[in-house]
Amino acid sequence: MVRILILSVAFALIASEGAECAPARKRNTAAQERTLPKQVVQEQDEFRSCDVAVREFVQGQKEAAALPVKEVKVDGLRMTLNFVHPYGESGDTPPNLSFTRGESIEERRNALNEAKQRARTLGEAAKTGNVWYVIVLRKEGSASDERRSPTSAPASEGHQSFADAVVMASIEGRCITVSQYQALPLNILSEDLRQVLGQQNREASPTDSPPLSPPS
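This is how it looks when you write it as structure tokens:
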């Protein structure tokens, strides 16, 4: 009888210890779940590795566009590039004459071959949708214009619009700024591109002639 009583007490103690440990285990598990870092699923951005650089250049402006470059025209004689986008072309870049800095003819030839290889790489990147022509409308006297030319005075005839553009390429996981175009007059842009920038029928080109009246 005494043995049965001792066993009953032992079982009761074990059961109570198990009941006390269960909430502790649950609390520890919940605490571990809260402390475990949640892995953020990163989706590929439409601008690949240029995701930050493109948006930083645009600065949230409505009058801006990031256009895919469909073709890179290479002038191998003058060492210039021209980027073709859906609304026209960027225009020729300044000649890449970095190869002329070599001391010997072999050094200059090697640098020239590297420059030609970079042009071919850009062409291949454009075919796979990894090059963009990013253009933003600016106004004289705006904050961005003052940062670029702090000594320039605003135009006396009011704020005049122009455009800044840059060509960026995502190559091997890196964003490369290929070329920059500053203070582009709007009259050199195609009409379709001006419409994309919200400039349809807003500003007449300085070179446009007034309409001729019909002969009487």
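For the sequence shown, numbering that gives the first Met the number 0 begins at 0 and goes up steadily by one.
Glycine is no exception: its CB is placed at the ideal position from the N, C-alpha and C atoms.
Asked                                                                                                           : Found
Where Asp-91 falls: helix, strand or coil (DSSP)                                                                : coil
C-beta atoms of Tyr-132 and Ser-89 nearer than 7 angstroms                                                      : yes
Segment contact flag, the segment 110 to 121 with the segment 92 to 100, C-beta cutoff 8 angstroms, min 3 pairs : yes
The beta strand (DSSP E) enclosing Ile-187, as first and last residue numbers                                   : Here Ile-187 belongs to no beta strand (DSSP E), and DSSP marks it neither H nor E.
C-alpha gap between Asp-91 and Ser-189, whole angstroms                                                         : 16 angstroms
Buried versus exposed, by CB contacts within 10 Å (16 or more), Asn-186                                         : exposed
Simplified DSSP state of Leu-121, which is helix, strand or coil                                                : helix
Host beta strand (DSSP E) of Glu-70 (start-end)                                                                 : 70 to 74
Host alpha helix (DSSP H) of Arg-54 (start-end)                                                                 : 50 to 57
Span of the beta strand (DSSP E) around Met-78                                                                  : First-last for Met-78: undefined, no H or E at that position.
Residues near Gly-78 in its chain [Cβ-Cβ closer than 7 angstroms; skip 5 each side]                             : The sequence shown places Met at residue 78, rather than the Gly named in the question. Pro-94, Asn-95, Leu-96 and Ala-114.
Exposure label - Asp-220; buried when at least 16 CB within 10 Å                                                : The structure shown does not extend to residue 220, since the chain spans only 0 to 215, so no value can be given for it.
Boundaries of the beta strand (DSSP E) in which Tyr-132 is found, first to last residue                         : 130 to 138
Proximity below 7 angstroms, CB of Val-273 to CB of Glu-70                                                      : With the chain represented from 0 up to 215, any question about residue 273 goes unanswered, as that position is not in the structure.
For Gln-181, three-class secondary structure by DSSP                                                            : strand
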